[in-house]
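Structure first, then comments.
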Amino acid sequence: MTVAVETGTWQLDSTASTVALRHRTMWGLVTVKGAFTAVAGNGEVRSDGSAVGTITLDAASLDTRSAKRDEHLRSADFFDVANHPEITFSVRSAELRDGEEVHVVGQLTVRGVSRPKSVTARLVGADDTSLTLEAEFTVDREQFGMVWNQLGMMRGLTTVTGTLRFTRTAATA
59 MTVAVETGTW QLDSTASTVA LRHRTMWGLV TVKGAFTAVA GNGEVRSDGS AVGTITLDAA
119 SLDTRSAKRD EHLRSADFFD VANHPEITFS VRSAELRDGE EVHVVGQLTV RGVSRPKSVT
179 ARLVGADDTS LTLEAEFTVD REQFGMVWNQ LGMMRGLTTV TGTLRFTRTA ATA
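So in our numbering, the last spot in the sequence shown is 231, and the numbers never skip.
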C-alpha cells in the first residue's frame, strides 16, 4: 500500500499524540515507564514528498506515576529542567519508503546536547486532513550528560515510543 501525503503545513494534535519512555533499572529487574504530558510540534510536507519539522517535549511534564521519582528525573541528575526545559527532535528530512515506512533523519536535543538521530517510523494513517506516525527507538542517556547511576542500577538504553497525529493546516502553493 502506498499512501500519498498531502503537501502543506501540519500541526501536531497534542490531544491525540503520545511520547513515552521506558528504561530497565534496579539492575534490570524493574522497568520504569513514563509519558510526557506536554507535546507540541509542526511540520511541512514539500512538493517532492519530503518533510521537515520539529517535535518539542516539555521535559518537566514526564509522568512516571511516582512523584518522588519524577522530581528526581527533573533534577540536574537527569533532565535538569531548570536549565533545559525542552527536549526537541528537529526533523531534517523524512521520506516515505516502501509503503508505510518513513525514514526520518534529525537531531535530538536533550539537556542542551544535540546528537544526530535516524529513526524508522510507520505511517499508520493518512488522509487529506490528518496523518499518524508511530515510532520506537533507543537512546543512550549518557550521550546527553545523564550519567547518574547509583550503585550501577541503571544500565542499557532508554526506549522511546511515539504516536504522533498531525492535522493539515494549509496547502503549499
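Note that beta-carbon positions come from the ideal geometry of N, C-alpha and C, so glycine has one too.
Given residue i as reference, the closest of the options once Cα atoms are compared
| i | options | result |
| --- | --- | --- |
| Gln-69 | Val-218, Thr-190, Arg-169, Asn-141 | Thr-190 |
| Thr-89 | Ala-118, Ser-148, Leu-79 | Leu-79 |
| Ala-193 | Gly-66, Phe-147, Glu-64 | Phe-147 |
| Phe-136 | Val-149, Val-205, Val-197 | Val-205 |
| Arg-82 | Lys-175, Thr-216, Leu-154 | Thr-216 |
| Thr-227 | Thr-187, Thr-221, Arg-155 | Thr-187 |
| Arg-150 | Gly-170, Asp-156, Val-160 | Val-160 |
| Asn-141 | Ala-117, Leu-181, Asp-156, Ser-72 | Ala-117 |
| Asp-156 | Val-103, Arg-104, Leu-181 | Leu-181 |
| Val-77 | Gly-92, Glu-64, Thr-67, Val-63 | Gly-92 |
| Arg-199 | Thr-112, Gly-170, Val-162 | Gly-170 |
| Ser-105 | Thr-219, Thr-114, Lys-175, Glu-64 | Glu-64 |
Residues bridged to residue i (per DSSP)
| i | result |
| --- | --- |
| Phe-224 | Leu-70, Leu-189 |
| His-161 | Glu-153, Thr-178 |
| Leu-22 | Examination of residue 22 is not possible in this model, given that the chain is present from 59 through 231 alone. |
| Leu-120 | Phe-94 |
| Arg-127 | Answer by DSSP bridge pairing: none, since Arg-127 is not bridged. |
| Glu-200 | Glu-200 is not bridged to any residue. |
| Glu-194 | Thr-219 |
| Thr-64 | The identity of residue 64 in the sequence shown is Glu, whereas the question assumes Thr. None; Glu-64 has no bridge partner. |
| Arg-173 | Leu-166 |
Residue i - containing alpha helix (DSSP H), residue span
| i | result |
| --- | --- |
| His-279 | Because the chain here runs from 59 to 231, residue 279 falls outside it and cannot be looked at. |
Straight-line gap, residue i to residue j (C-alpha atoms, nearest Å)
| i | j | result |
| --- | --- | --- |
| Glu-158 | Asp-138 | 36 Å |
| Val-110 | Ala-152 | 6 Å |
| Arg-173 | Phe-195 | 14 Å |
| Pro-143 | Gly-107 | 32 Å |
| Phe-202 | Ala-134 | 12 Å |
| Ala-179 | Ser-75 | 14 Å |
| Val-197 | Phe-94 | 16 Å |
| Phe-66 | Arg-223 | According to the sequence as given, residue 66 is Gly; it is not Phe. Those two C-alpha atoms are separated by around 15 Å. |
| Val-103 | Ala-184 | 13 Å |
First and last residue of the uninterrupted beta strand (DSSP E) at residue i
| i | result |
| --- | --- |
| Ala-134 | Counting along the chain, Ala-134 falls outside any beta strand (DSSP E), and DSSP gives it neither H nor E. |
| Leu-215 | Neither: Leu-215 is in no beta strand (DSSP E) and is coded neither H nor E. |
| Thr-83 | 76–83 |
- Message: Whether or not the stretch 123–139 and the stretch 95–105 are in contact is what I'm after, with contact meaning three or more pairs of Cβ atoms, one per stretch, closer than 8 Å; do they touch?
- Response: Output reads no: the stretch 123–139 does not touch the stretch 95–105.
- Query: Is the number of C-beta pairs between the stretch 166–182 and the stretch 119–126 that are closer than 8 Å three or more?
  - Reply: Output reads no: the stretch 119–126 does not touch the stretch 166–182.
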